[in-house]
Amino acid sequence: MQHRSPQFHNLRALDRQFFARDPREVARELLGKLLIRRHERKLLAGRLVEVEAYLGADDAAAHAAAGRTARNDVLFGPPGHAYVYLIYGNYFCLNVSCEPEGKAGCVLIRAAEPVDGLEHMARSRGLELGSPKALRLIASGPGRLAQAFSITRARDNGKDLLDAISDLRLADDGYTPQRILTTPRIGITKTADYPLRYIVAGSDYLSGPKKMNGR
DNA sequence: ATATCGATTATCT
DNA sequence: GATAATCGATATG
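To convert, take the position in the first sequence, counting from 1, and add 39; that gives this note's numbering.
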């Protein structure tokens, strides 16, 4: 018997053209969309509440700024694909490639509200679901989110996130966030003043200090 | 060949 | 609020 979550009514794939645009537009419109993962026969899902745009040569904080390398190759490829990299030797970060093929740009997926597969994600994060704070710790940060969804570079870098068959994808269930705020990006030193972080106002599942979240 | 630096997080004080 | 952990990419000699 297949369990079907009520949140998954009217699930639509996103268009390739949706991602073939400036990362700033894509980032803003990605808020509220679903990240969906199939892992070890489990369905995992989260609603995006925090993302950041990274541009090309004119954005020194972007991995693409120094040009195309083996590491960032996906950023210069077709839009809508996963760019996964290791950060600080400890965690992975998930990005979606943007812009038409040949031009670099991406959106970093920083936080999501857990929607389905909470038990499995909590276990991946080493959390006990009993405590009220556990929900907030599942995917409130790029490293945490990758861990919750079992995302690694070896497993996921380069994957097409629009393929309905893929075990990692982005989809639209028609939900639209009420209010969106922009702030400077978190954790960078170069071009640190660009307001390229987009968050769902008032969400309980954001990363970073409260002052960065409009409170 | 060696040193430094991160698009972070957990665990302290 | 401060710091250790940890390793690949990049800078420096």
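Glycine included, every Cβ here is placed at the ideal spot set by N, Cα and C.
Indicate whether residue i and residue j have their beta-carbon atoms separated by less than 8 Å.
i: residue 83; j: residue 135; result: no
i: residue 138; j: residue 118; result: yes
i: residue 207; j: residue 198; result: yes
i: residue 179; j: residue 78; result: no
i: residue 69; j: residue 154; result: no
i: residue 164; j: residue 187; result: yes
i: residue 209; j: residue 50; result: no
i: residue 148; j: residue 235; result: no
i: residue 10; j: residue 60; result: The chain is shown only over 40 to 254; residue 10 falls outside these bounds and no answer can be derived.
Could you pull the DSSP bridge partners for residue i from this structure?
i: residue 93; result: 145
i: residue 155; result: 84
i: residue 134; result: 122 and 147
i: residue 74; result: 85 and 209
Return the Cβ separation of residue i and residue j in integer angstroms, given the expectation that the two are a contact with Cβ distance under 8 Å.
i: residue 230; j: residue 100; result: 5 Å
i: residue 104; j: residue 98; result: 6 Å
Considering only C-alpha positions, which residue in the set the options is nearest to residue i?
i: residue 76; options: 159, 54, 172 and 170; result: 159
i: residue 128; options: 225, 192 and 209; result: 192
i: residue 214; options: 58, 56, 71 and 114; result: 71
i: residue 240; options: 56, 114, 124 and 152; result: 152
i: residue 63; options: 247, 49, 93 and 249; result: 93
i: residue 194; options: 233, 123 and 220; result: 123
i: residue 246; options: 232, 205 and 226; result: 226
i: residue 162; options: 150, 172, 177 and 171; result: 177
Within 7 Å: the Cβ of residue i and any heavy atom of the ligand ATP?
i: residue 226; result: Within the structure as shown, the ligand ATP is missing, as the structure has no ligands at all.
In chain order, what are the residue ranges of uninterrupted alpha helix (DSSP H) at least 4 long that sit wholly in the stretch 172 to 236? 173 to 176, 181 to 187 and 192 to 195
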